[in-house]
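In full-length UniProt numbering, the protein residues as written are 1 to 373.
Below is the structure:
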């Protein structure tokens, strides 16, 4: 049995060790009830948050004071639909993994120049498929690190990679909070910048379970807790000690240098929750999500799914010897199948054109009909 890669579903939440006060807010908030029919709001609620966690601003929603959801992603055309599926799985697409980072001139009391250089060097030293480069022009930046006097208690804000696969475009650092609480040592600022940049490329909190955050799929070969991880929540004011061993394992798992991998399931092989197959060109993945849905993605955009969302008890997708691809729970109760049980010896292939096909020999017996990419 081959080992299949896993994928982490990121739910960005920069928790903080100090209390969140609403004494100081510099951005104008919108009045009125939040529209629960907004696809962005639906997405936030689906991640386990409540309406009371959400603050509406003119161009974005802020969840629990520090999680950014833009109402319209940068570059999204007027009238373009915002789909719930488009915010998953929150990874940077291969075309955008050479990332330019710009530090603007908005800071007046803290100097992040050498700190940003050190953080970039630490990420690049891992040797993953992500490459960060410091640039000195905003026009060439993919991520801008900028000052924003967020409400007292919030040290920083960032967001998820966008639906087109680009990294999140801004890291906000609050001089107001950092100066108020005296969290301005080099080690503390390095930790904060590294943490926020990690969110921009799709890293979620290592300690998401103790923090009460919504469900995520575990990265292979990493522990459920890692006290040394830079991605632990509630660490504003913590000191930088470098990326932990398991931080590096996570980066190498999520962003391998070689994008190819198993692109098929042979008879008797299966995917567990979080496992995936990937097209040979790296553009498409088929993953069994923690919510029980089997989903085919083109970069970060869902093309097809089994329609089994909301069934976390589904733990395996088996390519059976009789030719049927079936989703089962731990008691082998079936939830979905390809309906190809009459074709023994069939196998599943994720093709480079985006089509997912069950073949018996050279004959297609079932397909997702998502080709053409």
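We put the CB at the ideal spot given by N, CA and C, even for glycine.
1) For residue 374, which beta-bridge partners are listed by DSSP?
2) Mapping DSSP to helix, strand and coil, what is residue 249?
3) Quick one: what does DSSP say residue 333 is sitting in, helix, strand or coil?
4) On a Cα-Cα basis, can you pick out the residue from 245, 149, 39 that is closest to residue 179?
5) Which two residues bound the contiguous beta strand (DSSP E) that contains residue 269?
6) What is the DSSP secondary structure of residue 231, counted as helix, strand or coil?
7) Pair every Cβ in the region 332–349 with every Cβ in the region 238–252, then say whether three or more of these pairs are closer than 8 Å.
8) First and last residue of the beta strand (DSSP E) that includes residue 363?
9) Taking only three categories from DSSP, how would you classify residue 295?
10) Near residue 411, what residues of its chain come up, given a Cβ to Cβ distance below 7 Å and the 5 sequence neighbours on each side ignored?
11) To the nearest angstrom, report how far apart residue 130 and residue 342 are at their CA atoms.
12) Could you name the residues of the same chain whose beta carbon sits closer than 7 Å to that of residue 34, not counting the 5 residues immediately before and after it, in chain order?
13) Consult DSSP for residue 175 and reduce its assignment to one of helix, strand or coil.
14) Would DSSP call residue 130 helix, strand or coil?
15) Identify which residue in 322, 296, 323 has its Cα closest to the Cα of residue 371.
16) Mind checking residue 338: buried by the 16 CB within 10 Å criterion, or exposed?
17) What three-state label does DSSP hand residue 150 in the structure shown?
18) I believe residue 267 touches residue 345 by the beta-carbon criterion, under 8 Å. Please report the beta-carbon distance rounded to the nearest angstrom.
19) Contact between the region 302–315 and the region 282–292: three or more CB pairs below 8 Å?
20) Go through its chain and collect everything with a Cβ distance to residue 187's Cβ below 7 Å, but skip five positions before and after it.
21) Which term fits residue 66, buried or exposed, when burial requires 16 or more other beta carbons within 10 angstroms of its beta carbon?
22) Does residue 315 come out as helix, strand or coil in the three-state DSSP assignment?
23) Measuring CB to CB, does residue 141 end up less than 9 Å from residue 196?
Quick answer:
1) Because residue 374 is not part of the residues shown, which for the chain are 1 to 373, the question remains open.
2) Working through the chain shown from its first residue, we reach residue 249 at position 249. It is helical.
3) As a working note, residue 333 is residue 333 in the chain shown. Looking at residue 333 - three-state DSSP - the assignment turns out to be coil, as it is neither helix nor strand.
4) Looking up residue 179 in the chain shown gives position 179. Of 245, 149, 39, the residue nearest in Cα terms is 149.
5) Residue 269 sits at position 269 when you count from the first residue of the chain shown. Careful: residue 269 lies outside any beta strand (DSSP E) and carries neither H nor E.
6) Taking the chain shown and counting its residues from 1, the one referred to as residue 231 is at position 231. Residue 231 falls in the coil class under three-state DSSP.
7) no
8) On the chain shown, residue 363 is found 363 positions in, with the first residue counted as 1. Counting along the chain, the beta strand (DSSP E) containing residue 363 begins and ends at 363–367.
9) Locating residue 295 in the chain shown gives position 295, counting from the first residue. Residue 295: strand per DSSP, three-state reduction.
10) Since the first residue shown for the chain is 1 and the last is 373, residue 411 is missing from the structure and cannot be characterised.
11) For the purposes of this step, residue 130 is identified with residue 130 of the chain shown, where counting begins at 1. For the purposes of this step, residue 342 is identified with residue 342 of the chain shown, where counting begins at 1. Computed Cα separation, rounded: 44 Å.
12) As a position in the chain shown, residue 34 is number 34, starting the count at 1. If we look at residue 34 and ignore the five residues flanking it on each side, its Cβ neighbours are 41, 51, 54, 56.
13) As a working note, residue 175 is residue 175 in the chain shown. It is helical.
14) Here residue 130 refers to the residue found at position 130 of the chain shown. Correct three-state label for residue 130: coil.
15) Numbered from its first residue, the chain shown carries residue 371 at position 371. Among 322, 296, 323, the Cα nearest to that of residue 371 is on 296.
16) In the chain shown, counting from the first residue as 1, residue 338 sits at position 338. Burial call: buried.
17) The residue you call residue 150 lines up with position 150 of the chain shown. DSSP places residue 150 in coil when its eight states are reduced to three.
18) Along the chain shown, one-based indexing puts residue 267 at 267. Along the chain shown, one-based indexing puts residue 345 at 345. Confirmed, about 6 Å.
19) yes
20) Within the chain shown, residue 187 is the residue found at index 187, counting from 1. Within the same chain, residue 187 has close Cβ partners 239, 240.
21) Here residue 66 corresponds to residue number 66 of the chain shown, with the count starting at 1. Buried, because 16 or more other Cβ atoms sit within 10 Å of the Cβ of residue 66.
22) Reading the chain shown from its first residue, position 315 is the one you call residue 315. In this structure, residue 315 counts as strand in the three-state DSSP scheme.
23) For the purposes of this step, residue 141 is identified with residue 141 of the chain shown, where counting begins at 1. For the purposes of this step, residue 196 is identified with residue 196 of the chain shown, where counting begins at 1. No, the Cβ-Cβ distance between residue 141 and residue 196 is not below 9 Å.
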